[in-house]
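Structure first, then comments.
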Amino acid sequence: MHPDRSPEPAAPSTGRLSRRHLLLGGAAAGVGAAALVGADSLLNTRSTPPLGETPGAAAHGGQTVPFHGTHQAGVETPPQAHGKFVAVDLAEDVDAEKIRRLLTLLSDDAAKLTQGKAALADSEPELAFVPARLTVTFGFGPGLVDRVPGVPAPAWLKPLPEFSVDRLRPEWNSGDLLMQICADDPLTVSHAARMLIKDTRAFGTVRWTQDGFRRAYGAEPDGTTMRNLMGQVDGTVNARPDTDAFETMVWEPRDNPEWLHGGTGMVVRRIAMDLDEWDRLDRPGREESVGRRLFDGAPLTGGTEHDEPDFDALTPLGFPRIAEYAHIRRARSDNPDEQVFRRAYNYDVPTLGDEGQDAGLIFVSYQSDVDLQFVPIQRRLDELDLLNEWISPIGSAVFAVPPGCAEGGFIGETLFPA
Amino acid sequence: MRTTAVTPLAAGTLAALLLTGCAGQDGAQPQADADRAEQHTQADSFAIEDAWVKAVTAEDGMTGAFGLLNNPADGDLSVVAASSPVAGMVELHEVVTGDDGNAVMQEKDGGFLVPAGDTHVLEPGADHIMLMGLTEDLDPGTEVAVELEFSDGSTLEFSAPVKDYEGANENYDDGAGHGEEH
């Protein structure tokens, strides 16, 4: 690959050795010093080999997404490669004042970590110096909002109605506080989650954690629609964050209480896939079930991925080209209110023995009114969707995502008007 | 909420200098220091960043305050004392290797010197502000006020959030004479 390089990587130059020696020798004093150095300079001075000496290895780890703003980051943010979803149950004695304290701590940590800085009391500050587009997005369950006196919850902030396809397990349901932690580097996600979860220890317990992934950073051109583990292009019909449609779908306040203006609603559903059964289905059957070509996600009526499906097209035998039971037909609505913004991740967790594969989709959608926008879509899919043969929702939670905050503020401050 | 800013409380006076018994770093006579301090105290040019206090119960009795002491000014400054409304006694500590090879903390002679343009790091396992004789539980997410006193007598109060932290469990040097809490 690099013919000009020494073929003996095990024999580094003297300069390399002495730099390592210096780093080790300075380790005792290094923590404090490192905490003073910003992400960029650290990335460019401490890496081995130094960046710039490895052709093509441009460091994207230094990229940051602003934490402060009108809306929380992590909704409009182009999905990072890795996502961790942590739901916390608040302890019984946690009242409004303690919630305020918790949110203050969490916001401060998130504000620092997302910018590539160590959190306060960060026991591994060096792990914070590669932000890799880290975002931390907070959502509130009804169990949190109800503890703040005088604050109304949006009507939709409750468990979703029961659907016949649901095989919900309590360990994947609900939660008082949700933290969506996403970055293009899994080590960054892990460290941020650890710091944030440590903040919550005095206030509650982790109810569930879901780890998700997409393609690695840079593996595909930006903006490529993700594929799920059934091989399908998943999320083609998704509004672009810079459009009016997105604004209406996600940020339009509708009937939400004032503290939620600038925020939105979030649905997190853990959808298990029976990949072994899916294996039995041939390729035409797989395409029929969704209504799209597996190769490029184009509708079965032709064109390319983002072309509109022709739901009126018929086969030579007179059947609909996109079947009545096809997923894309069932998910579609003529009612413009019935649209959500999806930001899903795949999951695939280790199993033992003959348990079979434990894999699926962490379905995440953002919409400002869950009842108005999400529930009708899920109802139609519940009534009829061939995909239901292979997928089962096993977890479900709804959260209110409060607006962003300015520097010096904290996420959730609108619950506590001055 | 998270502002660590800073309220210079009192201009330096000769009396304060005499009380602390600490002349200026450059060895100039106290009167000259006091005159200079009238215009520009050490507190004026000081800033603390990323301050925090380890969460403990009143029963634990003591804890540490940490952060970055910044001195963007041209002259050196010294933190010589500290106090807090939640602590009966506050000392400026360092961590040293004791006779038995274990790390112990003890009061630091002369306090924390922050050279001009430099930053002095207070962190677990190293220099820190020791809060003893705690009068209340320090719960995560609450704020603790700490007042620093500089060698020119000027003072400055900052507020630090309380955070859960498992470390910072250094042993006392029993010979240092503040074992009465335990």
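As they're listed, the protein sequences go chains A and B.
Under the UniProt record's numbering, read the first sequence as residues 1 to 418, first letter to last.
Under the UniProt record's numbering, read the second sequence as residues 1 to 182, first letter to last.
Note that beta-carbon positions come from the ideal geometry of N, C-alpha and C, so glycine has one too.
**Study point:** Beta-bridge pairing of TRP208 (chain A) - partner residues as DSSP gives them
**Key:** Bridge partners of TRP208 (chain A): A:ALA87.
Review point. Since THR188 (chain A) contacts ALA132 (chain A) with CB under 8 Å, what's their CB separation in whole angstroms?
Key: At roughly 5 Å, the Cβ-Cβ gap stays under 8 Å, so THR188 (chain A) and ALA132 (chain A) are in contact.
Exercise for review: Spell out whether any CB of chain B is found under 9 Å from the CB atom of HIS191 (chain A).
Suggested key: Not an interface residue.
Point to revise | Rounded straight-line distance, which links the Cα of ASN70 (chain B) to that of ALA47 (chain B) | key: Whole-angstrom Cα-Cα distance: 5 Å.
Practice item. Leaving out five residues on either side along the sequence, give the residues of the same chain with a beta carbon under 7 Å from the beta carbon of ALA119 (chain A). Key: Contacts found: ASP109, LYS112, LEU113, ALA128 and MET195.
Check your understanding: Anyone know if the C-beta pair for THR135 (chain B) and ALA58 (chain B) falls short of 9 Å?
Key -> Yes, these two residues count as a Cβ contact at 9 Å.
Point to revise | Alpha-carbon to alpha-carbon, ALA153 (chain A) and ASP139 (chain B) | key: Taking the straight line joining both Cα atoms gives about 28 Å.
Exercise for review: Find the residues of chain B that neighbour ALA202 (chain A), judging by a C-beta separation of less than 9 Å, and give them in chain order.
Suggested key: What ALA202 (chain A) touches in chain B, judged by beta-carbon distance under 9 Å, is ALA55, ASP139, PRO140, GLY141 and ASP164, going in chain order.
Practice item. Return no unless some Cβ of chain B is closer than 9 Å to the Cβ of THR414 (chain A). Key: Taking Cβ atoms only, chain B never reaches closer than 9 Å to THR414 (chain A), which makes this a no.
Practice item. Would you check if the distance between the CB atom of HIS68 (chain A) and the CB atom of ASP184 (chain A) is smaller than 9 Å? Key: Annotated as distal: HIS68 (chain A) and ASP184 (chain A), with beta-carbon spacing of 9 Å or more.
Review point. How many Å lie between MET89 (chain B) and VAL398 (chain A) at the Cα?
Key: C-alpha separation (whole angstroms): 48 Å.
Practice item. Kindly indicate which three-state DSSP category ASN388 (chain A) falls into: helix, strand or coil? Key: Of the three classes helix, strand and coil, the one that applies to ASN388 (chain A) here is helix, per DSSP.
Practice item. Going by CA-CA distance only, name the one from B:PRO72, B:MET62, B:VAL146 and B:VAL56 that's closest to ALA81 (chain B). Key: Answer by Cα proximity: B:VAL146.
Check your understanding: Residues in the segment 93–120 of chain B with C-beta within 8 Å of chain A's C-beta atoms, listed in sequence order?
Key -> From the segment 93–120 of chain B, only THR119 have a Cβ closer than 8 Å to chain A.
Exercise for review: Over the uninterrupted alpha helix (DSSP H) stretch that includes TRP278 (chain A), give me the two end residues.
Suggested key: Where TRP278 (chain A) is concerned, the enclosing alpha helix (DSSP H) starts and stops at 275–279.
**Study point:** is_contact[ALA37 (chain B), chain A] using C-beta, thresh 9 Å
**Key:** For ALA37 (chain B), the predicted model reports a pLDDT of 46, less than 50, meaning its position is unreliable; a value from the coordinates is still stated below. So, not an interface residue.
Point to revise | Sequence-distant residues of the same chain with beta carbon closer than 7 Å to GLU124 (chain A), five excluded per side | key: For GLU124 (chain A), where only same-chain residues beyond five positions count, the Cβ hits under 7 Å are HIS191.
**Study point:** Under 9 Å (Cβ pairs) to chain B, residues found in the segment 159–186 of chain A
**Key:** Residues passing the 9 Å Cβ filter: none.
Review point. If you measure beta-carbon to beta-carbon, which residues of the segment 57–87 of chain B are closer than 9 Å to chain A?
Key: Those residues of the segment 57–87 of chain B that come within reach of chain A (Cβ to Cβ, closer than 9 Å) are PHE66, GLY67 and LEU68.
Review point. Smallest Cα separation from PHE112 (chain B): which of B:VAL86, B:ASP99 and B:SER151?
Key: Residue B:SER151 is the option with its Cα nearest to PHE112 (chain B).
Practice item. Could you check the C-alpha separation between VAL206 (chain A) and PHE246 (chain A) for me, to the nearest Å? Key: Rounded to whole angstroms, the gap between the alpha carbons of VAL206 (chain A) and PHE246 (chain A) is 32 Å.
Check your understanding: HIS71 (chain A) by DSSP, collapsed to three states: which one?
Key -> Coil at HIS71 (chain A), not helix or strand.
Review point. SER123 (chain A) versus chain B: which residues are under 7 Å apart at the beta carbon?
Key: Correct list: GLY167.
Review point. Since ASP244 (chain A) meets chain B, which of its residues come closer than 9 Å, beta carbon to beta carbon?
Key: Close partners of ASP244 (chain A) in chain B (Cβ separation under 9 Å) are lacking, with about 35 Å as the shortest Cβ gap.
**Study point:** 7 Å Cβ shell around PRO142 (chain A) - same chain, five flanking residues per side excluded
**Key:** Closer than 7 Å at Cβ, skipping near neighbours: ALA153, LEU157 and LYS158.
Check your understanding: What separation, rounded to the nearest whole angstrom, lies between the Cα atoms of ARG100 (chain A) and PHE158 (chain B)?
Key -> C-alpha separation (whole angstroms): 21 Å.
Check your understanding: Can you give the Cα-Cα distance for SER368 (chain A) and ARG342 (chain A), rounded to whole angstroms?
Key -> Cα to Cα, the separation comes out at about 13 Å.
**Study point:** DSSP bridge partner residues for GLY67 (chain B) (one or two, in chain order)
**Key:** When beta bridges are read from the DSSP output, GLY67 (chain B) appears opposite B:LEU122.
Exercise for review: Give the residues of chain A in contact with ASP152 (chain B), contact being defined as C-beta atoms less than 8 Å apart.
Suggested key: By Cβ distance, chain A contributes nothing, its closest Cβ being about 25 Å from ASP152 (chain B), past 8 Å.
Practice item. With distances taken Cα to Cα, identify the nearest neighbour of ASP89 (chain A) among A:PHE213, A:THR200, A:GLU252 and A:THR225. Key: Cα-wise, what sits closest to ASP89 (chain A) is A:THR200.
Practice item. Establish whether the CB of LEU105 (chain A) and some CB of chain B are separated by less than 9 Å. Key: Under the 9 Å criterion on CB atoms, LEU105 (chain A) is classed as interfacial with respect to chain B.
Exercise for review: Return yes when the Cβ of MET273 (chain A) is within less than 9 Å of the Cβ of GLY360 (chain A), no when it is not.
Suggested key: Taking 9 Å as the cut-off, the beta carbon of GLY360 (chain A) is found closer than this to the beta carbon of MET273 (chain A).
Exercise for review: Give the residues of chain A in contact with ASP50 (chain B), contact being defined as C-beta atoms less than 7 Å apart.
Suggested key: Those are LEU120, listed as they occur along chain A.
**Study point:** Cα-Cα separation, ASP60 (chain B) to GLU92 (chain A)
**Key:** Distance between the alpha carbons of ASP60 (chain B) and GLU92 (chain A): 24 Å.
Practice item. Quick one: give me the first and last residue of the alpha helix (DSSP H) that LEU381 (chain A) is part of. Key: It spans 375–383 - the alpha helix (DSSP H) in which LEU381 (chain A) sits, taken as one unbroken run.
Check your understanding: Is there at least one Cβ from chain B nearer than 9 Å to LYS84 (chain A)'s Cβ?
Key -> It does not: the Cβ of LYS84 (chain A) has no partner Cβ on chain B nearer than 9 Å.
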